[in-house]
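Engineer: Take a look at the following structure, please.
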Amino acid sequence: METPQQDQDPKQDKQHRRPVAGAATGVIAAGALLGVAQLLSPFFGPASSPLASVGSAFIDFTPAWLKNFAVATFGTNDKAVLLLSMAVVVAVLAAVAGLAAQRRLAASAALVLTFAAIAAACVITRAGAGLPDLLPLLAGTAAGFGALSFLTRAQAPLPGSGAAGAQPSAEQPPAARPNRRTFLVGSAAVAGTAVVLGLGGRLLEAARNTASQVREALRLPAPRLPAPALPAGTQAAVAGVGPFVTPNQDFYRIDTALVVPELDPRQWSLRVHGMVENEFTLSFDELLAADLVESYVTLTCVSNVVGGNLAGNAKWLGYPLREVMARARPLEGADMVLSTSADGFSASTPLPALQDGRDALLAVGMNGEPLPLDHGFPVRMVVPGLYGFVSATKWVVDLEVTTFAAKEGYWTPRGWSSHGPIKTASRVEVPRALARVPAGRVGIGGTAWAQRRGISKVELQLDGGPWQQAVLAAEASIDTWRQWSFEWMGATAGTHTVRVRAYDGAGTLQDERQAPPEPDGSTGWHSITFTVV
Ligand SMILES: Nc1nc2c(c(=O)[nH]1)N[C@H]1C(S)=C(S)[C@@H](COP(=O)(O)O)O[C@H]1N2
Ligand SMILES: [Mo]
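Numbering-wise, the sequence shown is residues 13 to 545 according to the working numbering.
Spelled out as structure tokens, the structure:
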């Protein structure tokens, strides 16, 4: 065995390396924990993945200002940013546990157990989670702690009683060469195993993803009532304005689901209950066998800022919610339908919006194909005229007829409104902000929307001059957005500002006052600056 020769000399670099080794040990052990959990979680429910559940719980605690900041700053990349931040936090906590282990394994064990307990609380409070969902975390924690103590021992001799602290002293010699090799080889082995287990878990997960397999094979029935053909000229006459119908892969995605729910339609059912005369459940087959209709509806997110792109227009295929309500027969006094998704999100939709004849749908199809998984497969709600957070529940499994006084949707206790009618909005899409365009004729164009009311006029203002009327593209319906354009003939060199405003179908002018998205949708007139060269 190695014996202390001197306090400093050859071991000094070793001493300097120790904190790094401790931190690395913690990070590698966390990798082992996550790798084992990842390998096992495909055999349990979606909540059993500790990272996913911790992230989801974090999202659930996100207040309006933070959600708004995240969406405004990162847009639809908000989840990637969250995952990256989580990775950093996990690495830091793991490094702390690794450093603690160098001093006292017991202290580190207490830390690891605390982290595991917090993760367990996140797992078990997820929608649809049960006790077995804790098993991947438990097994992972055991493996992670095993790796931590093994690699800590391999780094250096532990202080004998634990009381001596980490600093090598004359009585507690620092590690010598053989241990160092054990440590490096052990670290590589544990890290490699963790990566293999994690990747194996991913493959297993993909293999067990019946939702995407069933979706691939699914043929949707033809609608009893197809959408009327789009009128000619819904696309604005200038190049560069987005497509009138948003392709599925370009459709904005906003939700609280860190991991997209994978629902097997054969197991899916919708429970309709609450203040109704007739409670019932609907299976996917029953839904497909019903009289489906098709409708173009523009969805909008309440988090959209002035000029933002959290809006999309699609042709939806679905079963009218008015038929669902007619079968349920709501009781006197009910004024809200709380729709809940498989992952626990919920939306409060005014009951009249589901009964007044608009195309409020239990949608199964989007632009001619089954709903993409991340847009709610197999079934979601689509309600014209209401922001998504109070109407467009994806992966919907439960409709409770109730009252606004009795129940709240997901975002309401987090600082957002209980109601969310869509506000009139308009934006400039071409020229792009800060674009440089050639002098002469400049095509200006964009989109405006006021679902349920329609758009009757769009005006624009160049460099603070008089308001001029834009050319409106054809209107598909009052529930879809409407494009507009304007040819500026004599554009002169220099920097210019264009500002836009819309009037809804009743002739009401869009609100000029600048307001942020929370609590019930942004307002203000969009303007951009561009340069003619
Ligand atoms: N299950 C579930 N459904 C949800 C949400 C969610 O977080 N979870 N977000 C809602 C919000 S805020 C919006 S704007 C729309 C967006 O639908 P999309 O992602 O298909 O564009 O979905 C709604 N439905
Ligand atoms: Mo939203």
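Cβ coordinates follow ideal geometry from the N, Cα and C atoms, glycine included.
Just so it is clear, the structure is predicted and the values come from calculations on it, not from any experiment.
Whole angstroms is fine: what's the gap from Gly263's alpha carbon to Gln495's?
Structural biologist: Here residue 263 is Phe; the residue named in the question, Gly, does not match the sequence. Phe263 and Gln495: Cα-Cα distance of roughly 17 Å.
Engineer: Spatial neighbours of Gly174 within its chain, please: C-beta separation below 6 Å, excluding the five flanking residues on both sides.
Structural biologist: Residue confidence is low: Gly174 scores 40 on pLDDT, short of 50, so the model does not pin down where it sits. No coordinate-derived value is stated.
Engineer: Please identify the residue among Glu344, Ala323, Leu363 and Ser353 whose C-alpha is closest to the C-alpha of Val336.
Structural biologist: Leu363
Engineer: Indicate whether Leu215 and Pro148 have their beta-carbon atoms separated by less than 8 Å.
Structural biologist: no
Engineer: Ends of the alpha helix (DSSP H) at Ser468?
Structural biologist: Here Ser468 belongs to no alpha helix (DSSP H); instead the beta strand (DSSP E) covers Ile467 to Leu474.
Engineer: I'd like to know whether the C-beta atoms of Pro528 and Asn80 end up nearer to each other than 8 Å.
Structural biologist: yes
Engineer: Three Cβ pairs or more, each shorter than 8 Å: is that satisfied between the stretch 416-427 and the stretch 503-516?
Structural biologist: no
Engineer: Are the CB atoms of Val124 and Phe157 within a distance shorter than 8 Å?
Structural biologist: Yes, Cβ-Cβ distance for Phe157 and Val124 is below 8 Å.
Engineer: Cβ atoms of Gly427 and Pro342: under 8 Å apart, would you say?
Structural biologist: no
Engineer: Can you grab the Cα-Cα spacing for the pair Gly319 / Ala139, in whole Å?
Structural biologist: 35 Å
Engineer: By DSSP, does Glu274 sit in helix, in strand, or in coil?
Structural biologist: In this structure, DSSP gives Glu274 a state outside helix and strand, which the three-state scheme calls coil.
Engineer: Indicate, with yes or no, if ligand 2 has a heavy atom lying under 7 Å from the CB of Phe263.
Structural biologist: no
Engineer: By the DSSP assignment, the alpha helix (DSSP H) with Asp297 in it spans what residues?
Structural biologist: Phe296 to Ala301
Engineer: What residues come near ligand 3, if near means a beta carbon less than 7 Å from any of its heavy atoms?
Structural biologist: By its list of ligands, the structure shown excludes ligand 3, since it contains just ligand 1 and ligand 2.
Engineer: Could you tell me if the beta carbon of Thr424 falls within a distance shorter than 7 Å of some heavy atom in ligand 1?
Structural biologist: For Thr424, the shortest C-beta to heavy atom distance toward ligand 1 is 7 Å or greater.
Engineer: Which of the three DSSP states is assigned to Ala132 in this structure?
Structural biologist: Helix at Ala132.
Engineer: Can we say the stretch 215-229 touches the stretch 453-465, given the rule of at least three CB pairs closer than 8 Å?
Structural biologist: no
Engineer: Return the residue from the list Leu45, His538, Val440 and Leu209 that minimises the CA-CA distance to Gly252.
Structural biologist: Val440
Engineer: Compute the minimum distance between the beta carbon of Leu311 and the heavy atoms of ligand 1, and state whether it is under 7 Å.
Structural biologist: Yes, since a heavy atom of ligand 1 falls inside the 7 Å radius drawn around the Cβ of Leu311.
Engineer: Nearest to Val408 by alpha carbon, out of Asp90, Ala359 and Leu329?
Structural biologist: Ala359
Engineer: For Asn325, count the other beta carbons within 10 Å of its own beta carbon; 16 or more makes it buried, fewer makes it exposed. Which is it?
Structural biologist: buried
Engineer: Helix, strand or coil, according to DSSP, for Phe263 in the structure here?
Structural biologist: Of the three classes helix, strand and coil, the one that applies to Phe263 here is coil, per DSSP.
Engineer: In three-state DSSP terms, what is Ile71?
Structural biologist: Correct three-state label for Ile71: helix.
Engineer: Leu411 to Pro390, Cα distance in whole Å?
Structural biologist: 15 Å
Engineer: Helix, strand or coil, according to DSSP, for Asp523 in the structure here?
Structural biologist: coil
Engineer: If you draw a straight line from the alpha carbon of Leu170 to that of Ala132, how long is it in whole angstroms?
Structural biologist: For Leu170, the pLDDT reaches just 43, beneath the cut-off of 50, and the residue's location in the model is therefore unreliable, although a value from the coordinates is still provided. Distance between the alpha carbons of Leu170 and Ala132 is about 30 Å.
Engineer: Taking the alpha-carbon positions, what's the Val197 to Asn89 distance?
Structural biologist: 38 Å
Engineer: Does DSSP classify Leu311 as helix, strand or coil?
Structural biologist: strand
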